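> One structure is given below, represented as structure tokens, and several questions about it will come after.
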Amino acid sequence: MARSVTTRRKTLNTLFAWAVGLLIFFPILWTILTSFKTEAQAISDPPVFLFFDWTLENYAAVQERSNYMRFLWNSVIIAGGSTLLGLIIAIPAAWSMAFVPSRHTKDILLWMLSTKMLPAVGVLYPIYLIFIRMGLLDTKTGLVVVLMLINLPIIVWMLYTYFKEIPGEILEAARMDGATLKEEILYVLTPMAIPGIASTLLLNVILAWNEAFWTLNLTAAKAAPLTAFIASYSSPEGLFYAKLSAASTMAIAPILILGWFSQKQLVSGLTFGAVK
Amino acid sequence: MATQQSRSAARIMMAPAVILLLGWMLVPLTMTVWFSFKKYLPLRGGDLGWTGFDNYVRFFTSSAFWPSVQATLVIVGGVLAITIVFGVLLAALLNQPMWGRGIVRILVIAPFFVMPTVSALVWKNMFMDPVNGLFAHLWKLFGAEPVSWLSEASLESIILIVSWQWLPFATLILLTAIQSLDSEQLEAAEMDGAPPLKRFGFITLPHLSRAITVVVLIQTIFLLSIFAEIFVTTQGAFGTKTLTYLIYQRVLESQNVGLGSAGGVYAIILANIVAIFLMRIVGKNLDT
Amino acid sequence: MGRIVLDKISKSFGDVEVIPPLDLAINDGEFTVFVGPSGCGKSTLLRLIAGLEDSSGGHIRIDHEDATHVPPAKRGLAMVFQSYALYPHMSVRKNIAFPLKMAKMDKAEIDRRVEGAASVLNLTDYLDRRPGQLSGGQRQRVAIGRAIVREPSAFLFDEPLSNLDAALRVGMRLEISELHKRLKTTMIYVTHDQVEAMTMADKIVVLQAGVIEQVGSPLELYRAPRNVFVAGFIGSPKMNLLSGPEIADYNAHTIGTRPEHIAISQTEGVWEGTVGVSEHLGSDTFVHVKCAAFPEPLTVRVRGELDLSYGSTVFLTPDPEHLHRFDAQGLRFA
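Chains as they are written, first to last, in the UniProt record's numbering: chain A, 1 to 276; chain B, 1 to 288; chain C, 1 to 334.
Here's what the structure looks like:
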């Protein structure tokens with residue numbers, strides 16, 4: 001039951017919370033602002049906050065220096081592809097675990113999660129060799145597969161927790177109604193689990209989009225996504241604040257916008273269904 | 001509670017995920033173990049034969065080993081402590097009545113969407129740069145000498161950057177947990193005469209224990225293998241060489257695959273120790 | 001058209017035997033109720049018939065054909081679940097049509113049957129709503145609608161009324177009985193509520209711990225319960241079961257007498273007792289009487305109103321015509 005609070009208290013809360021929120025958001029805000037400055041203004045002393053000559057020249061320069069659209073496209077394919085592939089493999093697995101649990105279900109789930117703990121660097125060279133052997137180095141296909149594999153445990157885990165909330169009687173009803181297993185999953189389970197599947201999809205797109213070990217180490221020119229695009233700005237000769245900011249803004253904007261629009265699904269997804 | 005038919009169907013449908021993950025785990029792992037017993041230098045002669053435990057001894061006794069384990073643990077521990085303490089406080093704050101909570105929440109979540117390479121670069125250049133960074137300007141404003149953050153307080157700087165990235169995650173999970181707290185419990189405690197701080201300590205915090213477990217588990221998984229933040233800031237210099245980064249350097253920079261693989265096996269062992277520990281807690285929490 | 005025979009059917013979960021081998025025949029068109037306390041195996045038995053669980057032994061025959069290993073969808077049975085198990089993302093129309101769609105029936109026939117079922121169940125105005133927008137009783141009807149469109153050889157009901165409030169429950173009870181009279185299809189109905197069993201069944205199967213205690217028509221069970229368990233379970237208020245030295249005259253280990261078969265008097269009778277709480281229903285009065293001879297208070301049912309002050313002395317006399325005698329094993333003998 002919500003109780004009425006004094007306006008004074010609410011005002012104080014509001015001020016404090018907004019101050020903290022802005023403080024946390026400030027690095028992003030500062031980056032976005034700097035991306036519209038000239039290089040001189042970007043390093044002016046004292047720093048200018050809002051009153052500068054807004055310009056788009058940095059965006060043009062970044063696009064010219066490195067083909068942004070190609071990196072963006074690679075990111076979209078890799079993040080989207082790995083997530084969709086993961087969902088296709090994980091939905092049946094999560095169905096099994098949620099609705100036909102056995103003595104081993106929990107062990108399998110924990111084991112799957114434990115594969116996430118395998119340090120990537122420990123297996124970097126073998127994967128590198130396998131990729132060379134299979135011609136997957138610097139290909140989007142290779143990265144789709146690897147990112148699908150590293151996110152698969154999380155996808156299975158999340159779907160499992162969502163599926164478990166769907167009453168088994170409904171699936172039994174479908175079975176009595178003559179649905180085959182495929183029809184049961186396609187026409188009954190999946191539509192009912194849409195919110196959960198959406199959260200899973202979103203969170204994993206974000207994780208894959210931001211993944212910066214395999215994407216940096218397994219790509220060169222052709223398949224490099226935005227993580228690599230931005231890493232190329234870490235070398236000293238590329239160090240111009242305004243251009244760095246423009247490049248950064250371009251790299252994070254798509255996911256930031258996606259994340260903000262789907263905040264609600266994301267919040268439930270972020271908790272991995274473990275916290276109600 | 002199912003029929004034989006659905007049980008066998010379940011086994012078939014679980015198979016792809018299990019087989020793929022098993023392969024993903026076993027194949028590279030076997031290769032890493034294989035290499036770790038070899039003198040293997042791809043650019044300097046390739047496979048130079050078996051060396052027994054030589055690589056293990058060399059990696060373990062190298063002067064970089066213990067500092068790297070220490071750096072790893074300090075970063076993981078520091079980030080966990082900061083994100084949980086501030087996460088709880090922030091969640092408690094966001095749970096208060098206020099205007100524009102949705103917008104504040106958006107502001108707080110935002111860092112989670114920023115890719116590690118971007119956040120590391122932005123912090124490194126635009127905030128922590130001793131000449132042009134905002135911190136330098138701020139220090140000068142108060143008449144202090146600007147600090148060269150990433151070399152003088154390197155570990156702290158990395159912890160700050162990584163904490164900034166993970167604070168939203170901790171906050172959101174803890175906020176969800178706080179919101180699920182039955183307000184009647186708090187009201188009962190109020191009726192029993194518990195002041196606000198005691199109510200927080202005796203009711204809210206214990207209620208959050210499960211959520212905190214989840215935060216610790218998930219963050220540890222990701223923090224043990226942070227890479228990009230170090231790759232684009234210090235490149236492992238100034239005491240920020242984590243075990244992950246040390247192995248990376250052995251394998252890719254010195255091209256000593258045998259030695260790096262031995263390091264990889266150590267890292268896997270370390271991760272497994274942490275994993276067993278965490279799985280116990282999570283497994284227990286799952287039952288309830 | 002709907003004769004179901006269970007032949008030495010049994011079920012174990014791991015080492016735990018939930019249902020020891022059991023025989024039962026359900027005739028075509030019969031309304032059979034499985035009744036028993038919770039955990040007695042009645043729902044498991046229903047799920048075995050439905051095919052949602054494998055039997056651990058024995059055979060199930062539906063219309064003389066062995067259905068033991070036939071998957072649920074192929075058994076020609078329809079089930080109404082306790083939670084209704086409606087598909088929340090489909091409209092009422094799609095819910096009812098789902099089994100027909102799964103059977104690949106043609107569109108026109110599906111529409112015809114759905115409309116038919118909807119008009120029988122008063123759902124015509126709700127066909128385009130989602131289950132979430134319906135009341136409990138309406139959801140129940142949709143679940144029944146989804147069952148009847150398939151024209152199954154038997155209906156299975158798993159405690160279908162337990163989620164409804166008391167008033168609706170009485171109404172739905174009548175509707176289901178009405179439906180049975182009209183369709184004349186075999187129905188198997190699971191409940192823990194003996195009132196539902198008594199009012200609806202042609203045949204009651206009383207179960208306890210997976211074992212059939214008695215099979216019979218409601219009145220057979222009322223008049224001649226086979227043992228103490230059935231005697232105590234069937235009938236409301238419960239039968240008074242008395243034992244102890246006081247009843248040595250009756251030549252039995254335990255005697256049972258229903259509340260409606262005891263005469264109460266302020267002057268004379270067999271057992272003396274003091275009046276406890278009286279429950280006034282208007283049509284009847286239930287008087288609880290504590291007798292020195294028995295540890296448990298007796299319940300007496302009196303027609304109409306009867307005013308007895310708390311603590312006053314009364315005398316009870318059981319009707320010898322309706323006295324049930326049980327031996328040391330709890331079995332009734334005439």
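Using N, Cα and C, we set each Cβ at its ideal position, and we do this for glycine too. Quick caveat: nothing in here was measured; it's all calculated off a predicted structure.
PHE55 of chain B to SER151 of chain B, Cα distance in whole Å?
The sequence given here has Asn at residue 55 of chain B, not Phe. Going by the C-alpha atoms only, they are around 31 Å apart.
> From this set, C:GLU213, C:ILE255, C:PRO99, C:VAL270, which residue's C-alpha is nearest ASP327 of chain C's C-alpha?
Cα-wise, what sits closest to ASP327 of chain C is C:ILE255.
> Note down, in chain order, every chain B residue with its Cβ under 7 Å from the Cβ of LYS54 of chain C.
The sequence shown places Asp at residue 54 of chain C, rather than the Lys named in the question. Under the 7 Å cutoff, chain B gives THR3, GLN4.
> Does the contact criterion of 3 or more C-beta pairs under 8 Å hold for the region 109-118 of chain B versus the region 262-280 of chain B?
No contact exists between the region 109-118 of chain B and the region 262-280 of chain B.
> Does DSSP put MET250 of chain A in a helix, in a strand, or in coil?
Helix at MET250 of chain A.
> For a cutoff of 8 Å on Cβ pairs, would you count PRO160 of chain C as touching chain B?
No, its Cβ sits nowhere closer than 8 Å to a Cβ of chain B.
> Output the distance between the C-alpha atoms of SER6 of chain B and SER96 of chain A, rounded to the nearest integer angstrom.
Cα to Cα, the separation comes out at about 9 Å.
> Hey, could you find the ends of the beta strand (DSSP E) ARG258 of chain C is sitting in?
First-last for ARG258 of chain C: undefined, no H or E at that position.
> Could you tell me the distance, in whole angstroms, from the CA atom of GLU39 of chain A to the CA atom of LYS243 of chain A?
So the alpha carbons of these two residues sit roughly 8 Å apart.
> Ordered along the chain, which non-local residues of its own chain (more than five positions away) have a Cβ less than 6 Å from that of SER261 of chain B?
Answer for SER261 of chain B: THR32, PHE35, SER36, listed in chain order.
> Quick check on ALA197 of chain C - is its C-beta less than 8 Å from some C-beta in chain A?
So no, ALA197 of chain C is outside the interface.
> When the Cα of GLY171 of chain C is compared with those of C:LEU123, C:PRO152, C:GLU196, C:THR191, which residue comes out closest?
Answer by Cα proximity: C:GLU196.
> In whole angstroms, what separates the C-alpha of PRO37 of chain C from that of ILE84 of chain B?
Approximately 49 Å between the Cα atoms of the pair.
> Anything in chain A within Cβ reach of SER43 of chain C, meaning under 9 Å, just list it in chain order.
Going along chain A, no residue has its Cβ under 9 Å from SER43 of chain C, so there is no contact; the nearest lies around 11 Å.
> I need the straight-line Cα distance from GLY330 of chain C to HIS192 of chain C, nearest angstrom please.
About 22 Å.
> Mind pulling the chain A residues with CB within less than 7 Å of ILE89 of chain C?
The identity of residue 89 of chain C in the sequence shown is His, whereas the question assumes Ile. PRO191, MET192, listed in chain order.
> On the premise that GLU183 of chain A lies in contact with MET102 of chain C, defined as a C-beta separation below 8 Å, what is that separation, rounded to the nearest angstrom?
Sure, about 6 Å apart at Cβ, within 8 Å.
> Does THR288 of chain B have its Cβ less than 8 Å from a Cβ in chain A?
Bear in mind that the predicted position of THR288 of chain B carries a pLDDT of just 45, short of 50, making it too unreliable to give a figure here.
> Would PRO99 of chain C count as contacting chain A if we go by Cβ distances under 8 Å?
Yes, contact with chain A.
> Determine the chain A residues that contact PHE13 of chain C at a beta-carbon separation under 7 Å, and present them in chain order.
None at all; the shortest Cβ gap to chain A is about 12 Å.
> Just the chain B side, please: which residues come within less than 7 Å of ASP45 of chain A by C-beta, in chain order?
Residues of chain B passing the Cβ test: HIS137.
> Counting contacts by CB-CB distance shorter than 8 Å, is residue 278 of chain A in contact with chain C?
Not covered by the structure: residue 278 of chain A. The range shown for chain A is 1 to 276.
> How about ALA189 of chain B: is its C-beta nearer than 8 Å to some C-beta of chain A?
Chain A contact via Cβ: absent.
> To the nearest angstrom, report how far apart SER309 of chain C and VAL275 of chain C are at their CA atoms.
Approximately 7 Å between the Cα atoms of the pair.
> Using only the alpha-carbon positions, how far apart do LEU20 of chain B and SER135 of chain C sit?
In a straight line, the C-alpha of LEU20 of chain B is about 46 Å away from that of SER135 of chain C.
> Please list the terminal residues of the continuous beta strand (DSSP E) segment that includes ASP23 of chain C.
First-last of the beta strand (DSSP E) with ASP23 of chain C: 16-26.
> Using CA coordinates, which residue listed in C:ILE19, C:VAL16, C:ARG301 is at the minimum distance from HIS280 of chain C?
Comparing Cα-Cα distances from HIS280 of chain C to each of C:ILE19, C:VAL16, C:ARG301, the minimum goes to C:ARG301.
> On the criterion of 16 or more Cβ atoms from any shown chain inside 10 Å, does PRO126 of chain A qualify as buried, or is it exposed?
With 16 or more other Cβ atoms within 10 Å, it is buried.
> Classify GLN138 of chain C as buried or exposed, calling it buried when 16 or more other Cβ atoms lie within 10 Å of its own Cβ.
Buried: at least 16 other Cβ atoms inside 10 Å.
> By alpha-carbon positions, which one of B:ASP47, B:LEU73, B:MET13 ends up nearest to ILE159 of chain B?
Of the candidates B:ASP47, B:LEU73, B:MET13, the one whose C-alpha sits nearest the C-alpha of ILE159 of chain B is B:LEU73.
> Between the Cα of VAL88 of chain B and those of B:ARG250, B:MET126, B:PRO168, B:THR240, spot the shortest distance and give me the residue it belongs to.
Residue B:PRO168 is the option with its Cα nearest to VAL88 of chain B.
> Determine the burial state of LEU224 of chain B: buried for a count of at least 16 other Cβ atoms within 10 Å of its Cβ, exposed for fewer.
So LEU224 of chain B counts as buried.
> Are at least three pairs of beta-carbons, each pair with one atom in the region 214-226 of chain C and one in the region 39-51 of chain C, less than 8 Å apart?
The region 214-226 of chain C, when compared against the region 39-51 of chain C, does not touch it at the 8 Å Cβ threshold.
> Look up PRO126 of chain A in the DSSP assignment and say whether it is helix, strand or coil.
Helix.
> Decide if THR288 of chain B is buried, meaning its Cβ has at least 16 other Cβ atoms within 10 Å, or exposed.
At THR288 of chain B the pLDDT is 45, less than 50, meaning the model places this residue with poor confidence; the figure from the coordinates comes in the next sentence. Exposed, by the Cβ-count rule.
> Count the other CB atoms, across all protein chains shown, that sit within 10 Å of the CB of PHE157 of chain C; report buried if there are 16 or more and exposed otherwise.
By the 10 Å Cβ count, PHE157 of chain C comes out buried.
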